[in-house]
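Enquirer: This is the structure, below, for whatever I ask next.
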Amino acid sequence: MDRYNDEVKDLNDYTDEELQDEIDSRKKKKSLPKMLKSPDFTNLVDTIKSCIDDTIKKDYWNEDNDHYIVEAAIGCCFKDPSKYNKWLSQFNG
Numbered sequence: 002m003d004r005y006n007d008e009v010k011d012l013n014d015y016t017d018e019e020l021q022d023e024i025d026s027r028k029k030k031k032s033l034p035k036m037l038k039s040p041d042f043t044n045l046v047d048t049i050k051s052c053i054d055d056t057i058k059k060d061y062w063n064e065d066n067d068h069y070i071v072e073a074a075i076g077c078c079f080k081d082p083s084k085y086n087k088w089l090s091q092f093n094g
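Using the working numbering, read the sequence shown as starting at 2 and increasing by one per residue.
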């Protein structure tokens, strides 16, 4: 099954085997790690401020800033960010 195909198919267009394979692959996917109940966004705000200050000084947006901000956001929301990264990697093949 190709979930990313632009063509929308009806369930009747798939064989029982294709449907079962899809169900099995979804069962194998691990669930999202638990998020913190009360995340502390201090580090995220500090990272964003730092990226903005850096952009003003250099007069351009460093492409690495995107990565730093995402990593800071993940770090704020999850007790163990590495578990989130492992969870996410299962979707990248």
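Ideal Cβ placement from N, Cα and C applies to all residues, glycine included. Because the structure is a prediction, the values reported are computed rather than measured.
(1) Based on DSSP bridge pairs, tell me the residues matched to residue 42.
(2) Using the beta-carbon count (16 or more within 10 Å), is residue 81 buried or exposed?
(3) Would you tell me roughly how many angstroms separate the C-alpha atoms of residue 61 and residue 75, rounded to the nearest one?
(4) Per DSSP, which residues does residue 79 bridge with? Please list them.
(5) Once DSSP output is grouped into helix, strand and coil, what is the label at residue 56?
(6) Under 8 Å by Cβ, that's how I've got residue 37 and residue 79 pegged, so tell me the actual separation to the nearest angstrom.
(7) Apply the 10 Å Cβ neighbour rule to residue 48 and answer buried if 16 or more other Cβ atoms are within range, or exposed otherwise.
Expert: Taking the geometry as given:
(1) Paired residue(s): none; residue 42 is not in a bridge.
(2) exposed
(3) 25 Å
(4) 36
(5) helix
(6) 7 Å
(7) buried
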